[in-house]
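Engineer: In our numbering, the protein residues as written are 7 to 236.
Note that beta-carbon positions come from the ideal geometry of N, C-alpha and C, so glycine has one too.
Just so it is clear, the structure is predicted and the values come from calculations on it, not from any experiment.
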Amino acid sequence: MGRSYGGRVLAAMTLLGIPAAVLVALAAQLLFQLQAGRAELRGVRTDGLHPELDPDAGLPEAAAGALLPLATALAALAQVLGLSCLLLAALCGHLGAELARGPGPGRSDWFLYDCRLLRHSALGLFCCGVSVYLAALAIYALLLFEIEAGAAAASILGSGALILVAIMTHTLFRAVQATRRGLRELSPPSFEDEPARPSEDSKSGCRAQPPQDEETETTVGAVTHQGSHF
């Protein structure tokens, strides 16, 4: 027996919430690493503790001091986006589960069907959070490693972030188009309580049939009575 529409949506939101929580943890870890390595990233080449390091091996201190706050801000933004996605997924799952406990098995399905825009927003927040995290990680790699290795890692991570943004934009645009077109052309998903509606309609039609028969018999009787007088 196939899983219902609400069950599939709840499973999808659960699968979305797990990587969102992982993204929040990774962004927090990167944020603490940036805070702990501030002195190392900004002044390790000028404090005289490591004279064997080449001053030209990495970025200059001025560039590192300018990029470090940017990486910190991007890591914090990625954490906020991941938390927003996680909260939306948890909210949809909680409300859907609560509605499923009430009378009528299709209440949860209809609620989750009407929350398509909310689910699209949660997916968009997650993809934006991953892109921002990759950008922050690229800056961190550029600051931490030597100039050649840091530039290569930053280029790869930045390219991945741009590709992810392009894919996310295209996918969400197609999803919005399908949603708008579905409101006019496509019918809502068939839920478990819908097959009971035709039987209810047939029962109501059967119940409405006897009054019509009585009216017909009354009319025929009146015409017969008038004909007998003539």
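1) Would you kindly report the start and end of the unbroken alpha helix (DSSP H) that includes S121?
2) Give every residue of the same chain whose Cβ lies closer than 6 angstroms to the Cβ of A159, excluding the five residues on either side of it in the sequence, and list them in chain order.
3) Out of curiosity, what's the CA-to-CA distance linking L149 and G88?
4) Applying the criterion that 16 or more other CB atoms from any shown protein chain within 10 Å of the CB defines a buried residue, is S210 buried or exposed?
5) Taking DSSP as the reference, what is the three-state secondary structure of F179?
6) Determine the closest residue to L37 out of A81, C91 and A17, with distance taken between C-alpha atoms.
7) Is the number of C-beta pairs between the stretch 165 to 178 and the stretch 130 to 141 that are closer than 8 angstroms three or more?
8) So is Q41 buried or exposed if we call it buried at 16+ other beta carbons inside 10 Å?
9) Skipping 5 residues on each side, what residues in its chain have a beta carbon closer than 6 angstroms to that of T78?
10) From L101 to L129, what distance separates their C-alpha atoms?
11) Beta-carbon within less than 7 angstroms of L76's beta-carbon, same chain only, minus the 5 sequence neighbours each way: which residues are those?
12) If we count the other Cβ atoms within 10 Å of its Cβ and call it buried at 16 or more, is A155 buried or exposed?
13) Just tell me which of A31, V15 and A69 has its CA closest to the CA of C98.
14) Closest to S90 by CA distance: which of Q183, P25, T175 and F132 is it?
15) Only counting the same chain, and skipping five residues up and downstream in sequence, which positions put a Cβ closer than 7 angstroms to that of L124?
16) Just tell me which of F179, L178, G23 and H126 has its CA closest to the CA of A96.
17) Using the Cα positions of P25 and E152, report the straight-line distance between them to the nearest angstrom.
18) Check E154 in the structure and name its three-state DSSP category.
19) Quick one: using the 10 Å Cβ neighbour count with 16 as the cut-off for buried, is Q85 buried or exposed?
20) Going by the beta-carbon positions, is the gap between A27 and L92 smaller than 8 angstroms?
21) Taking the straight line between their C-alpha atoms, what separation do you get for A181 and G13?
Structural biologist: Well, looking at it:
1) Sequence inspection shows Cys at residue 121; the Ser mentioned does not correspond to that position. No alpha helix (DSSP H) contains C121, which DSSP labels as neither H nor E.
2) Within the same chain, A147 come within 6 angstroms of A159 by CB-CB distance, once the 5 residues on both sides are set aside.
3) Between the alpha carbons of L149 and G88 lies a gap of roughly 24 angstroms.
4) The pLDDT assigned to S210 is 49, lower than 50, so where the model puts this residue is not dependable; a value taken from the coordinates is nonetheless given after this. Burial check for S210: the Cβ neighbour count within 10 Å stays below 16, so the residue is exposed.
5) Helix at F179.
6) Checking every option, the nearest Cα to that of L37 belongs to A81.
7) Between the stretch 165 to 178 and the stretch 130 to 141 there are three or more C-beta pairs closer than 8 angstroms, enough to call the two in contact.
8) So Q41 counts as exposed.
9) Residues L40 of the same chain have their beta carbon placed closer than 6 angstroms to that of T78, with the five preceding and five following residues left out of the count.
10) Near 18 angstroms, if we compare the C-alpha coordinates of L129 and L101.
11) Taken in chain order, the residues that qualify are I145.
12) Per the 10 Å Cβ criterion, exposed.
13) Of the residues A31, V15 and A69, the one whose Cα lies closest to the Cα of C98 is V15.
14) For S90, the closest C-alpha among the options Q183, P25, T175 and F132 is that of F132.
15) The answer, listed in chain order, is L94 and C98.
16) Taking only the C-alpha atoms, the option nearest A96 is G23.
17) Distance between P25 and E152, taken at the CA atoms: about 31 angstroms.
18) Helix at E154.
19) Under this definition Q85 is a buried residue.
20) Result yes, Cβ atoms of A27 and L92 sit closer than 8 angstroms.
21) Separation of A181 and G13 (C-alpha to C-alpha, rounded to the nearest whole angstrom) is 20 angstroms.
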